[in-house]
Structures are given as C-alpha cells and as structure tokens.
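Chains as they are written, first to last, in the UniProt record's numbering: chain A, 1 to 226; chain B, 1 to 303.
Quick reminder that beta carbons are idealized off the backbone N, C-alpha and C, glycines included.
These numbers come from a predicted model, not from an experiment.
Single-structure report; data block below.
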Amino acid sequence: MIHFKNINKTYSPNIVGVRNVNLHIRPGEFVSIVGQSGTGKSTLAKLMFAEERPTSGQIAVGGWDITRIREHDVPLLRRQIGVVFQDFKLLVRRTVYENVAFALEVAGTPARRIREVVPQVLKIVNLQEKGDRYPKQLSGGEQQRVVVARSLVHRPKILVADEPTGNLDTIHTREIIDLLRKINEFGTTVVLVTHNREVVNALKKRVITLEGGEITSDVEEGRYKL
Amino acid sequence: MITALRAVKFAFQNFGRNFWLSLITVSMLVLTLLTVNVLMVLQQVASKAIAFAEERIEVSVYFYPATAEERITGAAGYLRGLPQVRDVEVITSDEALRRFSDRHAADEAILQSLDEVGGNPFGPTLVVKAYGADDFPFILDALDNPQFRNDIREKDFSSFEDIIDRIRSTTDRIQLFGMVLSAIFLLIATLIVFNTVRIAIFIHREEIGIMKLVGATNAFVRAPFLIECLIYSLFSVAFTAVIVYSSVAVMDPKFSAFFGGESVGLLEYFIRNWYWIFGMQFVILTIINMLATMVAMRKYLRV
C-alpha cells in the first residue's frame, strides 16, 4: 500500500527531516509511528500525502509513484488519502455538515451525492444529531470526529492521523482511537502518528519508532519503547 | 460545470464575508469609471457647443449700392455652388434699410442721421453660412474672385471662430486633465484590487489550506478570486451605469435649455450606445482587475 525506499528529507544542509527510511505498510494495516518531538514523525506523514517532497529516495502509494508527483496530480492523491491533524483544521464559520460537505464540494461531487454521503459519515462518527452546530459549539473530541468524518467522505484507502489526540483529554482520546480502529476494521489502512504511550500500548498494533529521523524499531505488535 | 458553479458560489461568499473591503474596492472602481464617463459627457457637450457655435458663424458680404441685381444673384449662385457653403441669404438694399431702421427704431439720433444722408445708403448684402468654421477661409478666398472683387465694399466675418477655438482649447485641457485623473484613479483602483485580493488570500489562508488538504485542484482554489474580481467589475459598471443614466437624465434638459432648446442628445447617446460604452468599460476594467488579481495570486497564493 505505502512503500518508502531509501527516503531522505533534508530542509537545509543541517536540518534533517527523515534519513534513509525504508518502509512498507500493507493494505488494511493499523500502524503507529512514534517518537519524540522533532524526530521526523510528521515529516514522514506529510511525505505520504505529498505535503512534502523527498530530497532523495522513492515513495509509492497504492502502486502510484508519488516521488516527483506533478502539482496537478496532488489533488487526486489527496482524495485517496484522508488526513486528520491535531489542530483540527475546521472552518469555524461553517457548520459540522458544511465542513464535511466542503471536502466533496471542492472535488466537484454532485449535490445529490453530497446529501447522501455526509449523513452517512456523520453517523459513523456519531455526530448525526449535530450537523447544524458550529465547531465552537462542540467539544475537542467532537471537533476531531468532524475532521475524521471529513477525511472519510472520499472513502479513502488510507487514513493518516497526525497527532489526532494531541489536544484531547483521556476520554475523548479513547473515543477517537476507537473510531480509528473501527475505520481500520472497515478495511482502511490507518497510519497514526503519536507520542501518546497509553494509546500505542492499548492498540497492540504495529509500531514504528523514529529517532533522529531514522527508523530505530519496527515491531508487528509493538509497544511504546522510548 | 458543478465545480464552476461552486467556484462562483465561493466567490460570492468571499465577496459577502469581506463586505466592507468589497464595498471600498467597488467604490474606487466606480469613481474611476465615473471620471471616464464624465469625460464622455464632456466630449458630447463640447461637440454640441462647437456645432451650435458653428451654425451661427456667417460672413456678411456688403456690395456697393450701385451693384446690379444680376451681379448679386450671380455671386449668390456662385457661392451656393461651393460645397463648403450651407446657405446664402440675399438681402436687398431696401431690406437692409428696413432692417437697420427696425433695429434702431428707438434711437432718434441714428434715424435722424439716416435722414440727413438721404436716400438708401445700404447696398445689397449676402449672408453666407458654412458647414464648419474651417470652411470660411476658403469662402473668403473665393469672394476675392476678380468677377466680384470690385463690387464688394466690405466682408464682415463674425468672430465665432474665437469662441470655437476657446471651446476647443478648454475642452482639450479638461479632457487632458480628465485623462490624467482617470489614469491616476485607475492606478489606485488597480492597487486597491491587488490589495483586496492580497487581504482576501490572507483571510482565507486557512480555508485555502483545507481546500488543498481535501483535494481541491489549484484551478478551483484560484477560480473564486478571479470570479470575485469579475464581480467587482460587474457591480462597478452596473452602479456607474445607474449613476450616469440618472445624472444624464437630469442634466439633459438643462443642457437643452442652455443651447436654446436644442437637445444635446446626451441621454439618447447613452441609451443608443450603452452596450458599447459600458461593455467596453466592463471588458477593460475586468482585464485590468484580472491582471492585478493574477499578480497578487502569484505573489501571495501558494497552491
């Protein structure tokens, strides 16, 4: 599903994002990428959806070599990869429903299809009753669920979640992780970037550990070791 | 098609969300367009004023009293044959005397002087009107024809030419000033559009980021900004048209009164040529706005 071959990302001669990363994530996997701040976890995630380009090496997503992806192909890639961030990235002047529909609107999806899909994904994240609320009227966990809903509207094969629980308390963190697990059970490959020890340990899934931009450990049913 | 309609919707949303910014932009564009339209009105009124004055230019050719009538008729016929001559009026000696007496009926001293001279001191006169002020030098030269030269006592060229020259030079100066003013307004308007787009990009940077994140194409991200600048042009031209039509409707009768009841045809001119006048203004304004928007996007919109 996702192949990283000898990937290096350097921001300037002295600032290394990731170094010599070789990685293969299979379809339907749930992978946690862990590491301390500044070890290149987010860089690795951004390389997956072409927010960053590698300095050297080769990246393939779903058999598509995106190493030197052309600008006009990036939107096509983004529609196949759902992305969830720590800071939500919701439009505050749009309702929950509109925020979720927005992802379909910008992709040119017909209005009828939007009216079908949005309630479905809101139901998956258990926000079907709160479609007319604005982000500020929701808790942090609910806001993150809206983001997850938005990332699901294109029925992505991959979901990249970069510190999705970073701003959440324990209860909401569990809600989001359960949601990601549920999405994974539906067959979506989930890549979770986190430094939350409890989350990683509770998941009992594959754990990739980064240190200084390099993969130092890759364990099938791993734990948070740092 | 769906994407295009959504881009239009987003453009209107941007316009509405930054209403005051949009209002300032449109106001500045309206100001620019009004200057251009005032110039057009001025051009029309000046043309009418020149035509009005030209209609009143005439050369009075005074013949000696003893000149035979057939020579006067011959001169009139010769002049009528010239393409520059619009009309020739023949005033006989008797008619000239009657007109003089009527004009000075209240002035005893003049009438007494006329009695003292005895008989009719006036010779026949030809009043010649031309199509344009530029034609008079030719007509005056034509009257120097040896065939008539010795019969002519005096040629009196009314000095409307000075008035026309003054109208022309004043109009030219005002037009030059107006063009400079329009250029300044246009430059300011372009900078304002540039700044509006820059601010809009700044305001929407989060939305733009999310659009990119969820798979919007670059064209879709850029399109609302270009459509928004089209909306600015459309609203500006529409507001200008409303202001211009209402002002012209009010001014037209006043100008007519000034030109002795003759219509300047301002309203008619704007009604007849509205698509050309406002269409051209829309096209030119849109092109300039688009260029400003594209420069702003190139500089500030990283997609």
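Listed along the chain, the chain B residues whose CB falls inside 7 Å of the CB of residue 71 (chain A) are 218. Judged by DSSP secondary structure, residue 127 (chain B) falls outside any alpha helix (DSSP H) and instead within the beta strand (DSSP E) spanning 125–130.
Assignment of beta strand (DSSP E) within the segment 131–191 of chain A, counting only whole runs of 3 or more residues, yields 158–162 in chain order. Per the Cβ contact rule, the segment 197–215 of chain A is not in contact with the segment 197–204 of chain B (fewer than 3 Cβ pairs under 8 Å). Taking 8 Å as the cut-off, the Cβ atoms of residue 67 (chain B) and residue 91 (chain B) do not count as close. When rounded, the separation of the alpha-carbon atoms in residue 60 (chain A) and residue 36 (chain A) is 26 Å. Its Cα nearest to that of residue 13 (chain A), the residue A:55 stands out among A:85, A:32, A:55, A:197. In the DSSP annotation of this structure, the continuous segment of the beta strand (DSSP E) that includes residue 211 (chain A) starts and ends at 206–211. Rounded to whole angstroms, the Cβ separation of residue 167 (chain A) and residue 86 (chain A) is 6 Å, and the two are in contact under 8 Å. For residue 54 (chain B), the enclosing alpha helix (DSSP H) begins and ends at 19–55.
If you look at residue 2 (chain A), you'll find it in the beta strand (DSSP E) that goes 2–12.
In the assembly as shown, residue 223 (chain B) is a buried residue. Its beta-carbon has 16 or more other beta-carbons within 10 Å.
Beta-bridge analysis with DSSP links residue 276 (chain B) to no other residue.
Annotation: the continuous alpha helix (DSSP H) that includes residue 245 (chain B) extends over 218–258.
Residue 100 (chain A) is positioned such that its CB atom lies closer than 8 Å to that of residue 121 (chain A). Between the alpha carbons of residue 279 (chain B) and residue 63 (chain A) lies a gap of roughly 52 Å. For the set A:154, A:144, A:78, A:204, the Cα lying nearest the Cα of residue 179 (chain A) is the one of A:144. Counting only Cβ-Cβ distances below 9 Å, residue 214 (chain A) has no contacts in chain B at all, with the closest Cβ about 28 Å away. When the alpha-carbon of residue 91 (chain A) is set against those of A:112, A:138, A:8, the nearest one is in A:138.
Contact between residue 29 (chain B) and residue 285 (chain B) holds: CB atoms are separated by about 6 Å, below the 8 Å threshold. Scanning chain A for C-beta atoms nearer than 9 Å to the C-beta of residue 294 (chain B) yields nothing, as the closest lies near 17 Å away.
For residue 248 (chain B), the CB contacts under 8 Å within the same chain, skipping 5 residues up- and downstream, are 41, 266, 267, 270 in chain order.
The shortest CA-to-CA distance from residue 167 (chain B) to any of B:15, B:49, B:18 is the one to B:49. Listed in chain order, the beta strand (DSSP E) elements of length 3 or more contained wholly in the segment 73–100 of chain A are 81–85.
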